[in-house]
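Remarks on the structure that follows.
Residue numbers (the working numbering), protein chains in the order written: chain P, 39 to 388; chain F, 50 to 325.
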């Protein structure tokens with residue numbers, strides 16, 4: 039019993055065409071840049087956007103199959119959704135927002151209120167049961183939205199950027215809370231986000247979507263360690279290069295050579311962590327294997343350090359301290375030498 | 050390159066410099082205001098304040114006042130029952146020929162009310178397209194009855210409500226309706242429990258506007274319903290009649306209608322006057 043979906047839908051010039059399988063109690067995160075079609079996938083699963091093809095099956099029940107002319111209306115699907123801005127009904131109290139879905143599914147007013155109150159207490163919102171949405175903080179309104187989606191035991195939970203409406207500080211708390219609440223949910227969950235940290239923290243399985251297609255999927259830790267597209271690499275802070283390996287050396291598509299700690303063969307991705315790149319004004323002494331000339335094309339603050347974007351035969355990103363940056367005079371256009379230990383370079387089959 | 054700060058301060062200077070109005074615009078503007086305000090001022094100046102109470106207490110006047118309030122309220126009620134669903138259809142469905150529908154609904158807004166009265170007569174009169182068969186079958190006849198007053202007022206005033214509610218529906222965030230759908234609400238339930246509460250301010254504004262328009266209705270009423278004291282002689286008709294026989298009474302009645310108009314404006318103040 040689970041979600042098995044082939045989502046196929048045109049959205050303007052974009053064709054969204056991807057397969058998703060989610061087992062009960064599991065959380066799949068759709069991660070991708072804005073406009074990749076992630077939210078469209080959720081709207082199709084919820085029944086809000088009719089698909090142009092494909093087939094969506096939840097717990098053995100076909101929800102969408104345009105070819106066979108099957109389409110279950112959104113209000114008849116056992117689906118709960120948390121929207122990006124939460125979209126709590128502004129004229130209803132916390133309890134009535136949560137009770138809404140119970141009432142529409144035939145429960146009496148008092149029974150719905152009773153059960154909604156139970157959910158509200160479970161979310162730690164008992165003090166705000168009679169509050170209107172505008173009186174709630176971002177984190178509180180997120181919890182109400184989650185309670186509203188979960189009340190009535192949906193078999194599929196959809197979360198559309200559930201944390202993006204929150205400021206950075208509350209986001210940490212709410213993310214931890216959300217994780218706890220999701221752990222107690224036994225249905226399938228699909229989460230959409232453009233924030234890799236949210237995806238890594240909440241999901242069992244990561245699906246990276248670009249231009250309507252899946253470009254990579256797997257365990258979050260594997261995706262982070264071995265990105266397969268520039269987008270994912272940049273998200274997890276790695277420089278991603280492609281080339282052909284022969285033993286311990288790789289010839290990049292740009293023509294430059296990279297030396298590895300471990301041997302590899304054939305077409306490979308080469309991932310280099312910015313913190314493992316050292317910069318020098320002059321070619322360093324000794325005999326490091328990987329030394330490349332480079333030109334500084336970008337300097338941006340990144341936490342305590344500066345992130346330096348480099349162009350040259352091996353395009354790289356390096357993290358340096360502000361002191362080092364001043365000493366090396368790392369301004370836009372500066373010519374430097376980049377050095378990376380062979381043992382710090384990961385290569386994996388493309 | 051100028052800094053954003055310098056640019057901002059220059060922009061502010063330009064705005065400040067724009068407060069002076071050239072005479073070529075100022076003079077017509079002043080004349081325009083004068084033209085609009087003077088008649089109302091004249092009305093206020095000539096109000097027979099001392100005898101106001103007795104003038105308004107006359108049975109004929111009170112009868113007209115009551116008839117006006119009752120018929121305008123009924124017209125508003127009918128407009129709500131028919132107009133809100135009509136506005137929803139116009140705002141939320143993709144009915145073919147929706148542009149034509151909107152044009153048709155808007156026609157009574159610009160149609161001379163007298164023509165509206167004639168049209169109503171031809172449709173619902175004793176020999177009318179619908180009124181004829183109806184009269185033959187049941188003996189029911191609309192013209193020159195209070196029902197005709199209500200029908201004439203509804204015809205003229207309902208478009209105000211429809212346009213106002215349709216605007217509110219279009220402005221409302223439709224994603225709330227999506228949220229309702231994912232919570233098991235079909236379109237009717239969504240309309241009743243989510244959409245309608247969200248657009249209630251727009252509905253209220255439309256109803257107030259509709260009521261005020263119905264209260265002031267003259268042309269369609271006198272054409273279709275006639276001018277019979279007690280049954281069809283509403284306030285505007287009473288004013289028109291009184292002006293020829295008892296000007297002071299006409300002024301007193303006009304004052305009442307002016308006060309109602311200003312009251313309407315105050316009720317709608319937040320929606321329209323504050324919008325800059």
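Idealized CB from N, CA, C, for every residue including glycine.
Exercise. Could you check what DSSP says for residue 87 of chain P in three-state terms: helix, strand or coil?
Key: Looking at residue 87 of chain P - three-state DSSP - the assignment turns out to be coil, as it is neither helix nor strand.
Practice problem: At 9 angstroms on the CB atoms, spell out the chain P contacts of residue 246 of chain F, in chain order. | Solution: 127, 128, 129, 130
Quiz item: At least one CB of chain F closer than 8 angstroms to the CB of residue 86 of chain P: is that the case?
Solution: yes
Quiz item: Pick from P:132, P:367, P:238: whose alpha carbon is nearest that of residue 181 of chain P?
Solution: P:132
Quiz item: Helix, strand or coil: which one does DSSP assign to residue 124 of chain P?
Solution: coil
Quiz prompt | Close beta carbons around residue 186 of chain P, own chain, < 6 angstroms, minus the five adjacent residues each side | solution = 135, 136
Quiz item: Going along the stretch 160-192 of chain P in order, which residues come within less than 8 angstroms of chain F, judged by CB to CB distance?
Solution: 186, 187, 190
Quiz prompt | Residues within the stretch 230-244 of chain F neighbouring chain P, beta-carbon criterion of under 7 angstroms | solution = Per Cβ criterion, the list reads 230, 231, 232, 233, 234, 235, 238, 243.
Exercise. Locate the beta strand (DSSP E) running through residue 307 of chain P, then write down its first and last residues.
Key: Looking at the DSSP string, the run of the beta strand (DSSP E) that includes residue 307 of chain P is 295-310.
Quiz item: Residue range of the alpha helix (DSSP H) that residue 267 of chain P falls in?
Solution: It is not in any alpha helix (DSSP H) - residue 267 of chain P carries neither H nor E in the DSSP assignment.
Quiz item: Ends of the beta strand (DSSP E) at residue 243 of chain P?
Solution: DSSP places residue 243 of chain P in the uninterrupted beta strand (DSSP E) bounded by 243-248.
Self-check item: Length at least 4, wholly inside the stretch 60-140 of chain F: the alpha helix (DSSP H) runs in chain order
Solution: 72-94, 101-106
Practice problem: Could you check if residue 98 of chain F is buried or exposed, using at least 16 other CB atoms within 10 Å of its CB as the buried criterion? | Solution: exposed
Quiz item: What does residue 281 of chain P pair with, by DSSP beta-bridge criteria?
Solution: P:290, P:306
Practice problem: With a threshold of 16 other CB atoms inside 10 Å of the CB of residue 113 of chain P, please say whether the residue is buried or exposed. | Solution: buried
Self-check item: Listed by chain order, chain P residues near residue 224 of chain F by CB distance under 9 angstroms
Solution: 121, 122, 123, 125
Exercise. Please name the residue, chosen from F:170, F:185, F:252, F:259, that lies closest to residue 209 of chain F on a Cα-to-Cα basis.
Key: F:259
Practice problem: Would you identify the three-state DSSP class for residue 56 of chain P, choosing helix, strand or coil? | Solution: strand
Quiz item: Could you give the C-beta distance for residue 62 of chain P and residue 225 of chain P, rounded to a whole number, given that I count them as a contact under 8 angstroms?
Solution: About 6 angstroms separates the two Cβ atoms, so the contact holds.
Quiz item: Does any CB atom of chain P fall closer than 8 angstroms to the CB of residue 228 of chain F?
Solution: Yes, its Cβ sits closer than 8 angstroms to a Cβ of chain P.
Quiz item: How about residue 188 of chain P and residue 194 of chain P: are their beta carbons less than 8 angstroms apart?
Solution: no
Quiz item: residue 236 of chain F to residue 229 of chain F, Cα distance in whole Å?
Solution: 9 angstroms
Quiz prompt | Same chain, Cβ closer than 6 angstroms to residue 372 of chain P, neighbours up to 5 away in sequence not counted | solution = 334
Self-check item: Cβ neighbour criterion (16 or more within 10 Å) applied to residue 357 of chain P
Solution: buried
Quiz item: Got a sec, what are the start and stop residues for the beta strand (DSSP E) residue 135 of chain P sits in?
Solution: Segment 132-142 is the alpha helix (DSSP H) holding residue 135 of chain P; no beta strand (DSSP E) there.
Quiz item: In the structure shown, what three-state DSSP assignment does residue 199 of chain P receive?
Solution: Residue 199 of chain P sits in coil when the DSSP states are folded into three classes, being neither helix nor strand.
Exercise. Take the Cβ of residue 315 of chain F as the centre, count every other Cβ of all protein chains shown within 10 Å, and call the residue buried at 16 or more, exposed below.
Key: exposed
Practice problem: Keeping to the same chain, check which residues put their C-beta closer than 6 angstroms to that of residue 379 of chain P; ignore five residues upstream and five downstream. | Solution: none
Self-check item: Completely contained alpha helix (DSSP H) runs for the stretch 147-227 of chain F, where each covers 4 or more residues
Solution: 147-159, 162-173, 180-187, 195-220
Self-check item: Other residues of its chain near residue 299 of chain F: CB distance less than 7 angstroms, five sequence neighbours each side excluded
Solution: 288, 291, 292
Quiz item: Interface residues of chain F around residue 117 of chain P at Cβ under 8 angstroms?
Solution: 231
Practice problem: Under 7 angstroms between beta-carbons, which chain F residues line up against residue 142 of chain P? List them in chain order, please. | Solution: 232, 233, 234, 238
Quiz item: Does the stretch 47-62 of chain P come close enough to the stretch 247-260 of chain P to have 3 or more Cβ pairs within less than 8 angstroms?
Solution: yes
Exercise. Pull up the DSSP beta-bridge partners for residue 330 of chain P, would you.
Key: Beta bridge pairing from DSSP links residue 330 of chain P with P:376.
Exercise. Could you say which of P:382, P:85, P:359, P:347 lies nearest to residue 374 of chain P if we only look at CA atoms?
Key: Nearest option by C-alpha distance: P:347.
Quiz item: Using a Cβ cut-off of 8 angstroms, which residues of the stretch 300-325 of chain P contact any Cβ in chain F, in chain order?
Solution: none
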